[in-house]
Amino acid sequence: MRTVPLSKSLSLDQLNHLTDTGHIFITPFALNRTAYIVVNQKPFMVIVTDISIKGIQLSGAWYTWDDLEKMGGVYESEFDALKAIADRG
């Protein structure tokens, strides 16, 4: 067995089964790309090294989505991180 990408050859029943069993999810970030986390009201650049349903690995350290939300979030660009800091006051 090996992992295969989804394709148009899958039937609607197969896609529905995968969705129902939690085998399909959308990742908010791309692997090996930069992202920014907010730590102590400052943005820090990190590399997205892995993504799971419950968390994300940034520069080798795992964070849960809830932990990142409490810290201040994770963003695709430095501008988005700075905007989030300004919005929070």
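When you line the sequence shown up against the UniProt record's numbering, it's residues 1 to 89, in that order. Where a beta carbon is used, it is the ideal one built from N, C-alpha and C, also for glycine.
Note on geometry: alpha-carbon atoms of Asp87 and Ile37 lie some 15 Å from one another. Its chain contains Lys54, Gly55 and Ile56 as the residues whose beta carbon lies nearer than 8 Å to that of Trp65, once the 5 sequence neighbours on both sides are disregarded; these appear in chain order.
At least 9 Å separates the beta-carbon of Val4 from that of Val46. The residue from Ala30, Ala84 and Asp20 with its alpha-carbon nearest to that of Leu58 is Ala30. Between the alpha carbons of Asp67 and Leu12 lies a gap of roughly 36 Å.
In the three-state scheme derived from DSSP, where H, G and I count as helix and E and B as strand, Phe25 is classed as coil. Taking the Cα positions, Glu76 is about 32 Å away from Leu10. Inclusion of Pro43 and Glu78 in the CB contact set at 9 Å is warranted, their separation being smaller than that value.
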